[in-house]
Structure formats: structure tokens, C-alpha cells
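Protein chains in written order, with the numbering used here: chain C, -1 to 152; chain W, 1429 to 1523.
This report concerns only the one structure given below.
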């Protein structure tokens, strides 16, 4: 598989990197809290929690490293194989879930699905900023998915 | 006259109950894109892209879909892997 590339402007990279610094530790926690760990078997539950915690931490590291290494303008993140691409997709999903749970739990699912169009000036600046980042992370995910499967959204 | 004692013949047979089956069910969520769910299904369930799309549509339209049925151990593993993709995957005993 040829390497996959994600491009963004230098400004976008800076903004997203800053947000990631804030949200990444929480993203790991949210990802574990959201998990539906099976009840009734403490050993299985412990294994799940341990596995999800380890993965969430790894994802946070992966995102931080990828954005830190994306230099230039446009800033380009290069993913060398499918495993890296999948890990990156999961990491972006974790961040979007964390933003949803922690920053805008009050926004309805329907509004959130059209987050790109949601630019309500009555929202606090931080929330609008987080929504813009949420949309950007989604665009990066979509770009990556389309590179993996050009017919994914048909 | 005493009646002859007849010992009733009792046959026993061991019947092995089939192992209970477990469903791995994925619930709809408003965060993950449809294409993302397809990539996750192909990767975790090792199914074709077409099958993954069918399952994804079921999740999207019905709110949930059973994506795999079988023994508990494997079901647990698949549910965990789907949760590693941040999908809302749960285990349910097959009725």
C-alpha cells in the first residue's frame, strides 16, 4: 500500500496541536469510560479496562507525535502503512468522542452531525473553537478513509 | 402368592446442551462516520467491504445490528476489538 498523506495549513496544524495537548489525556479517560465492559467476570473486565487504557494512551502519543512532526506549509502527516492509518483513524475518533463528551455534551446529535455548518455566535468562543477543531479532525478522518477506500462514502 | 419383583429398566442418556451463543451487537453513534465504521468492520470482522457496508447501513438505519454470533470467548474478543475502534459494541446472549 502506498503511503497516505494528510495535509493541512500551518495555522490549522498549530491550532489542532494546541487543542490536542489539552484534550489528549482526557481522550484516553473518556475512551475507557465509554467502553461497555462486560459485567459478571472481574477478570475479563480488568483485561478490557487494561487493554483499552493502554491503547488510549498509545493513540494519544501517536497523535501528538504525528502533529509535532508535520512541518512545513502545508503541514503534511505521512502514514506509511495500513496499520498506521488505522491507528491514526482510531486516535482521531477518540479525540472527537472526548470533545463531544467533555466540551459540548449539550449540543444535540443532529446538530453535531452538521457541525461544519454549526457556527452559532451565541456559543462561547471556546466552544466554537472546539467545534471547529472537531470538524477539522473529522475532515482529516474522511480524507484518510477516502484514501483507504475511495468508495467508502457512496 | 408374592408377585415377582420386576426391576424397572431405566435407561439414561447424556445429552450435551449446545453451548449458548452470544451476539456482538453494534449500536449507532452520531460521532463516527459511516466510512469509518466500514473500515472498522472489515478490519475486525474480516468480512468483505460489501458485507461491511450492509452491516453499517443496518446500524445506521435500525440503530443497531448484530455483527457476529458465536461462542462467548470469541464474541468477547470481537466486542473488545470493536470498542478499540471506539464503536459502541455490546455482548448479548442469543435468545
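For every residue, glycine included, the Cβ atom is placed at its ideal position computed from N, Cα and C.
Since this is a predicted model, take the numbers as computed values, not measurements.
Item                                                                                                                                      : Value
For residue 1479 of chain W, the three-state DSSP class (helix, strand or coil)                                                           : helix
Environment of residue 1476 of chain W [buried if 16+ CB atoms lie within 10 Å]                                                           : exposed
Buried or exposed (CB count within 10 angstroms, at least 16 for buried), residue 8 of chain C                                            : exposed
Nearest-angstrom Cβ-Cβ length linking residue 96 of chain C and residue 28 of chain C, presumed shorter than 8 angstroms                  : 4 angstroms
CA nearest to the CA of residue 126 of chain C, picked from C:102, C:79 and C:53                                                          : C:102
Residues from the region 1446 to 1476 of chain W in contact with chain C, defined by Cβ distance under 7 angstroms                        : 1458, 1459, 1460, 1461, 1462, 1463, 1464, 1466, 1467 and 1471
Stretch-stretch touch, CB-based, cutoff 8 angstroms, three pairs: the region 1460 to 1468 of chain W with the region 85 to 100 of chain C : yes
Contact between the region 1435 to 1455 of chain W and the region 1504 to 1518 of chain W (3+ Cβ pairs under 8 angstroms)                 : yes
Which listed residue (W:1472, W:1512, W:1440 and W:1521) has its alpha carbon closest to that of residue 1499 of chain W                  : W:1521
Partner residues on chain W for residue 150 of chain C, Cβ-Cβ distance less than 9 angstroms                                              : 1461, 1462, 1463, 1464, 1466, 1467, 1477 and 1481
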